[in-house]
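One structure is given below, encoded as structure tokens.
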Amino acid sequence: MGSSVSRFKLKDRVGIAWINSACGKCSFCRKGNENLCPEFQGTGCDVNGGYAQYTVVGEDFAYPIPERFSDCQAAPLLCAGAIGYRALRLTNLEDGQILGLFGFGASAHIVIQIAKHKYRSSPVFVFTGAGQKDHQDLAGKLGADWVGVTGDTPPTKLNCAIDFTPAWKPVIEALRVLEKGGRVVINAIRKEEKDKDSLLESSYQNHLWLEKELKTAANITSRDAREFLPLAGEIPIMPQVQEFDLEQANEALLLLKQGKIQGAGVLKIT
Ligand SMILES: [Zn+2]
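For the sequence shown, this note's numbering begins at 1032 and goes up steadily by one.
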């Protein structure tokens, strides 16, 4: 621990999220949008760490881990959980309104638990890919009020939706079944560029007219992680974790691509 650290004491258990640092001075940082800072640094991408035993981080970007979570349970909270928390925050959902989740993997299975805790009267509708029976079962177990396949028309229109997929079709479908004045938040770093269902296939009249909004969630801020972790402990969120040794990293990534990981995959480095 560095000599000028004041947030922590030696031997505290802390976690690091995707945001490793931001400048703290630019117009984005000053408004709390560190995620949009031109000097944003990502863990394991711009700065060493992530797939490593040791790493260094500034105290503003380290977060205490609630005791009830094991190290492996905490890992997806710091990544998929914190970004999911941000995406849910960006929907502006109000209690009682209907939330739709498109794609049900690492992030969505945590978001549904936050939504059920914070917005107790809000029905949650989950849309998965065709044939993703395991994901549908998990959604049901975690309290989804309706579960269907992307392309289905739900019993009621959605006030807000979050898309967690790398494809375009769920975005267009979310806009189609969105209530007037509703908002769709895309929680994905990349979209398939050559997807035949690209956004260009949408129609202004059916998908955007009547004040429907489309927004993306990019990265996270330290505020997201700092608010989310204690909340996760209080709910408590129970992340479904499938553990892999570092040597099995390629296998884990393949299973992820094939949609065969239940909840979140975690690499263990000993
Ligand atoms: Zn900045």
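Even for Gly, the Cβ is constructed at its ideal location relative to N, Cα and C.
The continuous stretches of alpha helix (DSSP H) do not include GLY1127, and DSSP gives it neither H nor E.
Between the alpha carbons of ASN1190 and ASN1079 lies a distance of about 40 Å. In the DSSP assignment, GLY1089 falls outside any beta strand (DSSP E), carrying neither H nor E. Residue pairing by DSSP puts LEU1189 in a beta bridge opposite LEU1209. Setting aside the 5 residues that flank it on each side, GLN1167 is surrounded in the same chain by PHE1135, VAL1157, THR1159 and VAL1178, each with a C-beta closer than 8 Å to its C-beta; the list follows chain order.
Taking every protein chain shown into account, the CB of TYR1085 has fewer than 16 other CB atoms within 10 angstroms, so this residue is exposed.
If one requires a minimum length of 3 residues, the beta strand (DSSP E) runs lying completely within the segment 1141-1183 are 1155-1159 and 1177-1180, in chain order. Secondary structure of PHE1039 (DSSP, three-state): coil. If you ignore the 5 residues before and after SER1052, its C-beta comes within less than 7 Å of the C-beta of GLN1072, GLY1089 and PHE1092, all in its own chain and listed in chain order. Shown here, GLY1112 sits in a helix according to DSSP, grouped into three states.
Three or more Cβ pairs closer than 8 Å define a contact, and the segment 1236-1247 meets that threshold against the segment 1201-1217. The beta carbon of PRO1186 sits closer than 7 Å to the beta carbons of TRP1177 from its chain, once the five residues preceding and following it are set aside; these are given in chain order. Restricting attention to LEU1119, GLY1131 and CYS1068, the CA atom closest to the CA of VAL1208 is found in GLY1131. If you check the C-beta of GLY1055 against ligand 1, you find a heavy atom less than 7 Å away. Taking C-beta atoms as the reference points, ASP1194 and ALA1161 fail to come closer than 8 Å.
In the structure shown, the three-state DSSP call for ASN1250 is coil. Residue side-chain check: PHE1059 places its Cβ nearer than 7 Å to a non-hydrogen atom of ligand 1. A Cβ-Cβ distance of about 17 Å is found for the pair ARG1099 and GLY1294, leaving them out of contact under the 8 Å criterion.
Here the distance from the Cβ of CYS1068 to the nearest heavy atom of ligand 1 is below 7 Å. Rounded to the nearest angstrom, the Cβ distance from ALA1111 to ALA1137 is 4 Å, consistent with a contact under 8 Å. For the 8 Å CB-CB criterion, ALA1175 and ILE1143 form a contact. In the DSSP assignment, GLN1104 falls within the unbroken alpha helix (DSSP H) covering 1102-1107.
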